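If you read the sequence shown in my numbering, its first letter stands for residue 1, the second for the next number, and so on.
Structure first, then comments.
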Amino acid sequence: MPAVPSPISPDELVEGIGPGANIAVGMANGEPHEIIDALERAAEAGALSNVRVHQMHALRDRGYFDGRYGTDLRLVSYFLSPSTRGHAARGEVDVVPAHFSEVPLFLGHLERLVVFAACSTPDRHGHVSLGTNAEYIAPLLGRVPVYLEANAQMPRTSGRNTIHLSQVTAWCESDYPLAEAHPAVPDARDLAIAEFVAERIEDGACLQAGIGSVPNSVLALLKDRRNLGVHTELLTDGFVDLVEAGAVTGLNKVRTPGQIVGTFALGTNRLYDFMDDNPAITMLPVDWVNNPRVIAQQPKFVSVNGTVEVDFLGQAASEMIGGHLWSGSGGQADFARGALFSPGGQGFLVLPSTTSDGTISRIVPRLGAGQAVTTLKNTVDRIVTEYGVAELRGRSIRERTHALVAIAHPAHREELEREARAMGWW
């Protein structure tokens with residue numbers, strides 16, 4: 001086994017970053033805090049030139065998000081977060097529209113690309129894992145210069161997210177807690193939506209659940225199911241609950257049978273402890289996990305994701321609020337497409353029927369000017385509000401319109417019907 005190089009300081013590590021570098025940084029807990037701290041110190045000292053940081057779902061607010069370093073250090077985001085969306089609205093962050101599955105492809109075409117990522121401490125053989133992550137970083141391991149930060153509190157996981165330290169350009173050590181994300185408390189509307197989804201999920205289904213209280217609530221209602229599988233972009237505490245309830249075996253999966261598959265995890269320390277050295281957990285690159293062709297091979301695949309607005313055509317807008325980008329496409333369309341071709345598959349997009357004050361319907365005749373379509377009308381399967389399920393797959397626009405108006409808030413149905421008649425779809 002090759003010798004393991006000694007760790008160096010974060011400031012020494014970033015000295016290797018030359019002009020025009022493109023840095024792929026791990027998302028969420030995959031961000032190496034101390035390396036990025038050192039990168040900002042280098043920018044403050046004027047040691048960087050035309051460096052771009054490419055990252056999804058950044059959890060920490062960073063100085064370079066606000067454009068203070070000009071072209072010397074700037075963020076390119078493929079999925080916004082609370083830390084970045086305000087900066088994006090002010091033009092301080094560059095945003096690249098992308099399906100999550102395609103991000104490794106986009107990164108792979110960049111010149112002078114390097115990787116900055118957090119990892120576990122090395123095992124006795126010198127191997128480290130990306131821990132809670134694989135996502136777009138794992139496909140780059142071994143292809144570009146890799147700079148790692150071994151966090152003593154990062155869980156060690158297995159899958160295609162490991163590398164021997166002899167293969168990295170440089171690494172450093174750190175010790176800090178991982179960021180936690182506690183599930184939002186569902187309200188009555190969330191629970192009603194979750195009930196409609198859960199009652200349609202059978203034993204033996206393979207699950208993907210996105211961010212939000214409704215997907216979490218759906219998982220909470222599946223503890224009495226058996227032989228469920230997990231093939232998900234995001235691993236959360238809800239999946240731990242299902243495993244502990246005896247609902248998950250993965251025996252019905254065609255790909256990775258018996259394995260709980262994810263590409264990144266974000267939850268509480270309970271989730272991270274569950275993942276640590278757990279042979280049932282397999283963290284795989286996002287270009288495989290989110291590949292619709294792979295998803296389609298899993299029988300009875302169920303995808304549950306949130307959306308913001310749906311029009312009579314069935315177009316789902318999931319990433320903009322108030323005319324501003326709020327998040328990104330993420331993997332929603334990847335999983336919707338895969339579920340469409342899965343034998344017995346179902347793709348659920350969930351949303352409350354109105355805004356929180358009830359004044360604006362989220363079921364609309366047509367999307368507003370400038371609204372981004374996240375999941376195409378040809379891909380959308382089932383739309384769910386607290387008033388029911390609209391099954392759109394294979395239905396005409398007239399049939400879709402009737403189904404969507406039926407799950408709109410009663411206070412808005414008359415106006416929606418009037419609009420539908422004027423459009424010739426009633």
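Ideal placement from N, C-alpha and C gives every residue a C-beta, glycine not left out.
These numbers were taken from a predicted model, which means no experiment stands behind them.
Does the structure place the stretch 214 to 229 close enough to the stretch 92 to 111 that three or more beta carbon pairs sit under 8 Å? no
Run through DSSP, which three-state label would aspartate 431 get? Not covered by the structure: residue 431. The range shown for the chain is 1 to 426.
Report the option in Ala198, Ala369, Arg337 and Gln297 whose CA atom is closest to the CA atom of valine 350. Ala198
At the level of alpha carbons, what is the spacing between threonine 232 and tyrosine 387? 27 Å
For histidine 231, report the span of its beta strand (DSSP E) as first-last. 229 to 231
Is the separation between the beta-carbon of proline 285 and that of tyrosine 147 shorter than 9 Å? no
Would you say the stretch 145 to 164 touches the stretch 305 to 318, given that touching needs at least three Cβ pairs under 8 Å? no
Proximal residues to aspartate 237 (C-beta, below 7 Å), its chain only, five neighbours per side dropped: Pro183, Gly267, Thr268, Arg270 and Leu271
Throw me the rounded Cβ distance for the glycine 330 and phenylalanine 106 pair, which I believe falls under 8 Å. About 14 Å; that fails the 8 Å criterion.
Does the Cβ of asparagine 290 have 16 or more other Cβ atoms within 10 Å, making it buried, or fewer, making it exposed? buried
When DSSP builds the beta bridges, which residues end up paired with proline 147? Inspection of the sequence shows that residue 147 is occupied by tyrosine rather than by proline. Its beta-bridge partners are Phe116 and Ala170.
Using 8 Å as the Cβ pair cut-off and three pairs as the minimum, do the stretch 18 to 36 and the stretch 116 to 127 touch? yes
Comparing alpha-carbon positions, which option in Ala333, Ile281, Asp311 and Val76 lies nearest glutamate 419? Asp311
What are the complete alpha helix (DSSP H) segments, minimum 4 residues, inside the stretch 281 to 351? 286 to 289, 292 to 296 and 332 to 341
So, do the stretch 21 to 28 and the stretch 38 to 54 have three or more beta carbon pairs nearer to each other than 8 Å? yes
For tyrosine 176, count neighbouring C-beta atoms within 10 Å of its own C-beta (all shown protein chains included) and say buried if the count is 16 or more, exposed if not. exposed
If you run the structure through DSSP and keep just helix, strand and coil, what is histidine 127? strand
Taking DSSP's pairing of strands, which residues face phenylalanine 239 in a bridge? None, per the DSSP bridge assignment.
Same chain, Cβ closer than 8 Å to leucine 219, neighbours up to 5 away in sequence not counted: Leu207, Ala209, Thr236, Gly238, Phe239, Asp241 and Leu242
Would you call glycine 225 buried or exposed, if buried means 16 or more other Cβ atoms sit within 10 Å of its Cβ? For clarity, residue 225 is arginine in the given sequence; the question names glycine instead. Label assigned to arginine 225: buried.
Could you spell out where the alpha helix (DSSP H) holding isoleucine 260 opens and where it closes? Premise fails: isoleucine 260 lies in the beta strand (DSSP E), 260 to 262, not in any alpha helix (DSSP H).
Indicate whether alanine 43 and glycine 20 have their beta-carbon atoms separated by less than 9 Å. no
Alpha carbon to alpha carbon, what distance is there between leucine 325 and alanine 88? 8 Å
Would you tell me roughly how many angstroms separate the C-alpha atoms of valine 96 and glutamate 319, rounded to the nearest one? 13 Å
Whole-angstrom distance between glutamate 102 and alanine 170, CA atom to CA atom: 27 Å
Give the DSSP-derived three-state secondary structure of methionine 423 in the structure shown. helix
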